[in-house]
Ligand code: PDD
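Numbering (this note's numbering), first residue to last: 952 to 1229.
Below, the structure is given as structure tokens:
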């Protein structure tokens, strides 16, 4: 298997990462997940832009340009036999031994790695919906940075899994923010509501795509906060992410939603999204 390591594409077994790499010791790094459909990447420029923005927010210097990164990703894709799947890229602040919390000097070179994994679209869940639970958003206050320190997110996803659900919908106090690895939106009286971008959520790329679908379909979108009570009284709820696309929600804790209705707003967004990817 070929992977990105620094500015090269090499065999995975040649990768040699020091145990004092700051990604390993501090979770000091940023990442992206980019979807591949039919040997082609989807929204690659948007993901590269967000990757650079995340790095900038933690004052991490990028050792390559956006064009160089795109060329590397393109080369990796060309080397790979994967038809449908995801590209994972991450950049850590590099190895600045000995271990020290302070940011190292700018001569420490950040470490880029990247790989491709095969995975099919979650067609069954997209049809039948995902089950979710409501969980207290225990994460920090910079959820806009797509960083590799994901302990809060994985603890919350684990809570959902323990309750036999697929995903955790998060709330701070009364307000719904996002999910452990997706954005969330609700539909009420023909309009879509979703939490505004800012420090409490990740600005999703999939959200950009479904928002443009909603615009084409003349469905109003309000990026404004809503409460758990409003969510539970919604007509429809869906979540979105690179790997889940537009995903209907069939259950939030004990509350069920009928996802079989044809012509619902979630279904309209799903078919519009599908046209974007093929
Ligand atoms: N997760 N919010 C969080 C916390 C996420 O981790 C993600 C994506 C999203 C949706 O972002 P996008 O539409 O750009 O994928 C929202 C990725 C897929 C992951 O960590 O695997």
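Glycine included, each C-beta is placed from N, C-alpha and C at the ideal position.
Remember, it's a predicted structure, so these values are computed and weren't measured experimentally.
Worksheet item: What are the complete beta strand (DSSP E) segments, minimum 3 residues, inside the segment 1022-1047?
Response: Unbroken beta strand (DSSP E) stretches of 3 residues or longer found wholly inside the segment 1022-1047: 1036-1043, given in chain order.
Fill in: Delimiting residues of the alpha helix (DSSP H) encompassing residue 993
Membership of residue 993 in any alpha helix (DSSP H) is not indicated, and neither H nor E is assigned to it by DSSP.
Practice prompt. Answer with buried or exposed for residue 1057, where buried requires no fewer than 16 other C-beta atoms within 10 angstroms of its C-beta.
Written response: So residue 1057 ends up on the exposed side.
Discussion item. If I follow the unbroken beta strand (DSSP E) through residue 956, where does it start and stop?
Written reply: For residue 956, the enclosing beta strand (DSSP E) has its first and last residue at 953-956.
Item to complete: Consider the C-beta atom of residue 1066 and the heavy atoms of ligand 1; say whether any pair is separated by less than 6 angstroms.
Response: False, no ligand heavy atom lies under 6 angstroms from that Cβ.
Fill in: Per-residue burial, residue 983 [other beta carbons within 10 Å of its own, 16 or more giving buried]
With 16 or more Cβ atoms within 10 Å of its Cβ, residue 983 is classed as buried.
Worksheet item: Name the DSSP bridge partner or partners of residue 1081?
Response: Note: residue 1081 sits in a beta bridge opposite 1200.
Worksheet item: ligand 1 heavy atoms versus the CB of residue 1156: any closer than 6 angstroms?
Response: Result yes, Cβ under 6 angstroms from ligand 1.
Discussion item. Closer than 6 angstroms to a non-hydrogen atom of ligand 1 - does that hold for the CB of residue 1085?
Written reply: For ligand 1, not one heavy atom lies less than 6 angstroms from the Cβ of residue 1085.
Discussion item. Between residue 984 and ligand 1, is there a pair consisting of the residue's CB and a ligand heavy atom that are separated by less than 6 angstroms?
Written reply: For residue 984, the distance from the CB to the nearest heavy atom of ligand 1 is below 6 angstroms.
Worksheet item: With burial defined as no fewer than 16 other Cβ atoms inside 10 Å of the residue's Cβ, what is the status of residue 1074: buried or exposed?
Response: Exposed, by the Cβ-count rule.
Discussion item. Only counting the same chain, and skipping five residues up and downstream in sequence, which positions put a Cβ closer than 6 angstroms to that of residue 1005?
Written reply: Taken in chain order, the residues that qualify are 981, 1096, 1097.
Discussion item. Which residue wins for smallest C-alpha separation from residue 1196, given the options 1151, 1217, 1062, 1126?
Written reply: Considering only alpha carbons, the answer is 1217.
Worksheet item: Just how far apart, CA to CA, sit residue 1129 and residue 1161?
Response: In this model, residue 1129 and residue 1161 are separated by some 16 angstroms (Cα to Cα).
Item to complete: Flag residue 1133 as yes when its Cβ comes closer than 6 angstroms to any non-hydrogen atom of ligand 1, and as no otherwise.
Response: Yes, Cβ of residue 1133 sits closer than 6 angstroms to a heavy atom of ligand 1.
Worksheet item: Taking the Cβ atom as the reference point for each residue, do residue 1113 and residue 1186 lie within a distance shorter than 7 angstroms?
Response: Going by C-beta atoms, residue 1113 is not nearer than 7 angstroms to residue 1186.
Fill in: residue 1034 burial status per 10 Å Cβ neighbour count (16 or more: buried)
By the neighbour-count criterion, in which 16 or more other beta carbons inside 10 Å mark a residue as buried, residue 1034 falls on the exposed side.
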